[in-house]
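What follows is a short report on a single structure.
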Amino acid sequence: MLASPPSVAASRSELLPPVESDALKPAGPTPSQSRFQVDLVSECAGDGHAPPASYPSPPDLPADPPHDPGEEAKGRFRVVNFAASSPDAAPAESAQNGDTVMSEGSLHSSTGGQQHHHYDTHTNTYYLRTFGHNTIDAVPNIDFYRQTAAPLGEKLIRPTLSELHDELDKEPFEDGFANGEELTPAEEAAAKEASESKGVVKFGWIKGVLVRCMLNIWGVMLFIRMTWIVGQAGIAYSCLIVLMATVVTSITGCSTSAIATNGFVRGGGAYYLISRSLGPEFGGSIGLIFAFANAVAVAMYVVGFAETVVELLSAAGALMLDPINDVRIIGTITVILLLGISVAGMEWEAKAQIFLLVILVTAIFNYFIGSFIPVESKEKYGFFGYDVGILADNFGPDFRGETFFSVFSIFFPAATGILAGANISGDLADPQMAIPRGTLLAILITGVVYMGVAVSSGACIVRDATGIESNRTLSGSINCTDAACKLGYDFTSCRPAIEGVSSPCKYGLHNDFQVMSVVSGFSPLITAGIFSATLSSALASLVSAPKVFQALCKDNIYPGIAGFAKGYGKNNEPLRGYLLTFGIALAFILIAELNVIAPIISNFFLASYALINFSVFHASLANSPGWRPSFKYYNMWVSLAGAILCCVVMFVINWWAALLTNVIVLSLYIYVSYKKPDVNWGSSTQALTYHQALTHSLQLCGVADHIKTYRPQCLVMTGAPNSRPAILHLVHAFTKNVGLMVCGHVRISSRRPNFKELNNDTLRYQRWLLHNNSKAFYTPVVAEDLRQGTQYLLQAAGLGRLRPNTLVLGFKNDWRIGDIKDVETYINVIHDAFDFQYGVVILRLREGLDISHIQGQDDSSGMKDVVVSVDMSKDSDGDSSKPSSKATSVQNSPAVQKEKTSPTVPLNVADQQLLDASQQFQRKQGKGTVDVWWLFDDGGLTLLIPYLINNKKKWKDCKIRVFIGGKINRIDHDRRAMATLLSKFRIDFSDITVLGDINTKPKSEGVTEFAEMTEPYKLREDDMEQEAAEKLKSEEPWRITDNELELYKAKSNRQIRLNELLKEHSSTANLIVMSMPLARKGAVSSALYMAWLDTLSKDLPPILLVRGNHQSVLTFYS
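Numbering (the working numbering), first residue to last: 3 to 1120.
Structure representation (structure tokens):
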């Protein structure tokens, strides 16, 4: 593999000895050269340094040992793409330089004697002599920051931190991209196509942006509607209308420029800009309607062209059938010809645009020149040349059946088209320079021309004219007062008798749409200008729609359209998109009635403009460090005003079309949000979410906790989240959309932890949680034992007020068969939680909780996966710590492997029951009960958790039954008191049971079983010397003393009795929530406490042992 060191050319002169002889150069390319090659010239181009013909070898290099050509090793600088070099390509000079020395002191070569000083790239590390000493640290280079291979240069990967920081004998970590640099399949495909294309046609800012934008903005409106607008609104209001439209488009142009200069722009135009700024939701919806709008716009412009041709044919008496069918025939022929130009390639299309622009500019100059040449024969049509009287008459408005906003709505579509250049962003040589310069200059030029036409036509053409020579009269007639009278014509008969009614005359600004032909020096040129304006706009739309649609299809946001992403030829032309656009345009041309669809199209364009403006505001508001456009002439508040203006204009043009547009955008937005495409474009939505989360987290810290806002925020000791689904699902039932849930995972390791593996697991398991719709965070820690790791989590988990306040554990089912030291650790974890003022919740299932051995995950990690609750047949702390392998860790990672419900080997009965039990909280619970045994007041957590669970859809059919302790002679009183309390707490319940026989002596079978349970853990201090007993107790603190057993005999009997009552009353419950007994720290041994918990909860339905931190979590005050 060949790769040259990054950016070392700048310092060649002081680092390199004299040039080596040609004899040391290899005769031809090595085997690896045919696969990978980086041209040093391209890397040094940015420095302005050309590399010398060859570079010397370090003088202290020993002779190379023989080396197997097949042995290729890990590279210093890895080239991401495969660049196949042609057989006749000369080997790069940079391949024969000796600017490297190996850390091991020798260079491998495919030949024994010759030294090939290229980068053999699979196992050896090379040290570049960058600053006069050996180092693999790389100097800054643009190729390190590329996303992938492209014609602009090759993607190189800088040395990883591990390669620079870790010990030399350690294996370097796997190659990877930095955060946020992972490429979507669409981007990889686009990059591959880009890197493979040769001789691609790229346009500069004039040909690619300025010409297209001017042609699209100068539509047919310039020639056949601008003079009518002046007649209706007057010169002043016409200029105001043009100015208002120009303000909207200028703000949008500035916003477009800001986004386009905030990084490399690929193809896709408005869709690419919006989707990469606001995310796929807005981008996908706008991309679809924007592509459709461009496709229908082709039909609009072609029909406009066809109608003009049909008028000419009608005037000449040469109609083929009838006007409507002639429009269809001519429109179909025209769109086929335009399709042929587009399919021929962007170069032909660009040449056609230049030709059309020349005609259009000529027609505009023809009009202005003609306006300075008064011709007497044209006076009867209302054209008198420039005159102050005509200017004064036409300065104010004369609305006839129109209003200011209706006239504005007619003009504004003429100002659209500013994205014509941005829509072919993938075909621009430098989009970051071309889009701002071309778009803004086009807006300026076209705006000036529109104003120039408004002022000139208003200053030389009267509003009404008869076109009849007999209207000529003597100057100063009594009945004639307007400017035409002073010039010798009396057109008073043209004034409508009723205000608001159209004039009976056919000429003048009000009546003749073709009055610019009258004014012009050569009228056929105006007709040619109309043809040019319509055809150029149609051609631009015909190119824009497939390009935008192709970019949308590549991102795979909508199903069923991926086939249109395929490109053909050296320019990656979307031929399928062209055919689809042609089909849509042809359908609307055949309809030939575009008056209804036209306002919708204008609104689609305006929706795109509004979102582009909003994108800039949103990105500025998010204040992301990645938002730093090189175009500085924008303001977030001006962009917001532009977005609001676009929305206002939408409703001004057509309110129902605006509503329809908003409904379509919203519907597509909801669909994409629901689908959640797997893309990460670093959008401003993502940045603003972070900004808001940070701001609100800090605001929470400034507000004291209140009982009414208490939420159970749980640190759940799940281990790997997918290994104990039951505890995950149950806790999720009362924390989803209510409180925080952190999945804690203590990974036990006595050796130095592999933090990269830990980080990878964090990403994989967090992705697994999101994929399974579990609203939780995964937090692993590495510690020497479970207690130490849990202490880390109890202290450090969470952020500010978003910190856990409840520790959730699984019950340790195997405590009697495992290492008793683990029991000591387990009980100490509970004590530590109480010390940190946490509440504690323990879940016990008869079958157990840990299913990792079924999924084959228990041995996948080099560290022990610590568990606190297991199947009865498996030890809880996962003692197996077999060496990890890359294959097993990848295979068993939840991101790669879907959670298995059954392994390939048939399960035994116990495992099948365990697997079924692990999924029980995901099923709808049906009509059952949640039994709450609220025996001790812990602040209300024992009551709050079942209430929250009962609110969930899967549990809503279950009724809450409350059990409390009491005295036999006060049962009714205690029941009423509890009912009153629950009603004040506004918690629904179906039944309250007062247990007056809690302190009744338990059955002898239970007492005997408890004695057998504790027997192995007794200290038996009466059978040994006091000193020996004390020593044994200090060494094995879990042992139960005889004194302790006697002292807590009543409490032990209570646990036995409670278990009997639980079996009697709650054996059929869906879930039991029970007050957890407390043991005084230092007074009750861990074995005795564990025996209490075991005795209390054994042989029962799922049971939660709950003990709050004795701070109130419920209140009946408002």
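The beta carbon of each residue, even a glycine, is placed where N, CA and C say it ideally should be.
query: Quick one: is S1114 buried, meaning 16 or more other Cβ sit within 10 Å of its Cβ, or exposed?
result: exposed
query: Beta carbon of R371, beta carbon of G523: below 9 Å?
result: Here residue 371 turns out to be Ile, not Arg, going by the sequence shown. The answer is yes: Cβ separation under 9 Å.
- request: In angstroms with no decimal places, state the Cα-to-Cα distance between L290 and N664.
  value: 13 Å
- request: Take I447 and list the residues in its own chain whose beta-carbon comes closer than 7 Å to its own, dropping the five residues that flank it on each side.
  value: M216
- prompt: What's the call for G342, buried or exposed, on a 16-neighbour Cβ count within 10 Å?
  reply: exposed
field: T1117 - DSSP class collapsed to helix/strand/coil
entry: coil
query: Assuming G271 contacts Y560 under a Cβ cut-off of 8 Å, what Cβ separation, rounded to an integer in Å, is found between them?
result: Actually they do not touch by this definition, with Cβ atoms about 17 Å apart.
- prompt: Among residues of its own chain, excluding the 5 on either side of A835, which ones have a beta-carbon nearer than 7 Å to its beta-carbon?
  reply: L796, L809 and V842
- request: Assess, as a yes-or-no matter, whether the segment 637-653 is touched by the segment 321-341 under the definition of 3 or more beta carbon pairs within less than 8 Å.
  value: no
Buried/exposed call for E1017, threshold 16 Cβ in 10 Å: exposed
Sequence-distant residues of its chain with Cβ nearer than 6 Å to I602 (five each side left out): A659
message: Measuring straight from C-alpha to C-alpha, what distance separates G449 and W220?
response: 9 Å
message: Short of 6 Å in beta carbon distance, which residues of its chain neighbour V213, apart from the five on each side in sequence? Order them along the chain.
response: Q355 and L359
message: Buried or exposed for A436, going by 16 or more other Cβ atoms inside 10 Å?
response: buried
Exposed unless 16 or more other CB atoms sit within 10 angstroms - verdict on V705: exposed
message: Between L984, L1021 and E1062, which has its C-alpha nearest N1001's C-alpha?
response: E1062
query: So which of Q688, D918 and A530 has the shortest CA-CA distance to P627?
result: Q688
message: Report the CB separation of I856 from L909 in whole angstroms; it is logged as a contact under 8 Å.
response: 7 Å
message: Just to confirm the assignment, what range does the alpha helix (DSSP H) spanning F410 have?
response: F406 to A417
field: Status (buried if at least 16 other CB within 10 Å, exposed otherwise) for D395
entry: buried
- prompt: The beta strand (DSSP E) spanning W935 covers which residue range?
  reply: T931 to W935
message: Taking the alpha-carbon of Q715 as reference, which of L242, L804 and I844 has the nearest alpha-carbon?
response: L804
message: Pairs of beta-carbons, one from the segment 949-965 and one from the segment 973-990, closer than 8 Å: are there three or more?
response: yes
field: Three-way DSSP call (helix, strand, coil) for Y560 in this model
entry: coil
task: Enumerate in chain order the residues of its own chain whose CB-to-CB distance from Q927 is below 7 Å, with the five nearest sequence positions on each side excluded.
output: K956, W957, D959, C960 and N1072
task: Work out the CA separation of W639 and T468 for me, nearest whole Å.
output: 51 Å
message: Please state whether the Cβ-Cβ distance between F633 and S259 is less than 9 Å.
response: yes
query: If you draw a straight line from the alpha carbon of G1082 to that of M1092, how long is it in whole angstroms?
result: The question names Gly, but residue 1082 is Arg in the sequence shown. So the alpha carbons of these two residues sit roughly 13 Å apart.
field: Spatial neighbours of A564 in its chain, beta-carbon cut-off 7 Å, leaving aside the 5 residues before and after
entry: C555 and N558
task: Enumerate, from N- to C-terminal direction, the unbroken alpha helix (DSSP H) stretches of 4 or more residues contained entirely within the segment 342-378.
output: 348-373
- prompt: Since D993 sits in a beta bridge, which residues does DSSP pair it with?
  reply: R963
query: Can you give the Cα-Cα distance for K1065 and A1052, rounded to whole angstroms?
result: 20 Å
query: Out of curiosity, what's the CA-to-CA distance linking G419 and F284?
result: 20 Å
query: According to the Cβ coordinates, are I614 and I276 closer than 9 Å?
result: yes
- prompt: Where does A318 sit, in a helix, a strand or coil, going by DSSP?
  reply: coil
task: Quick one: residues in its chain with C-beta nearer than 8 Å to the C-beta of K677, no 5 flanking neighbours on either side, listed in chain order?
output: I559
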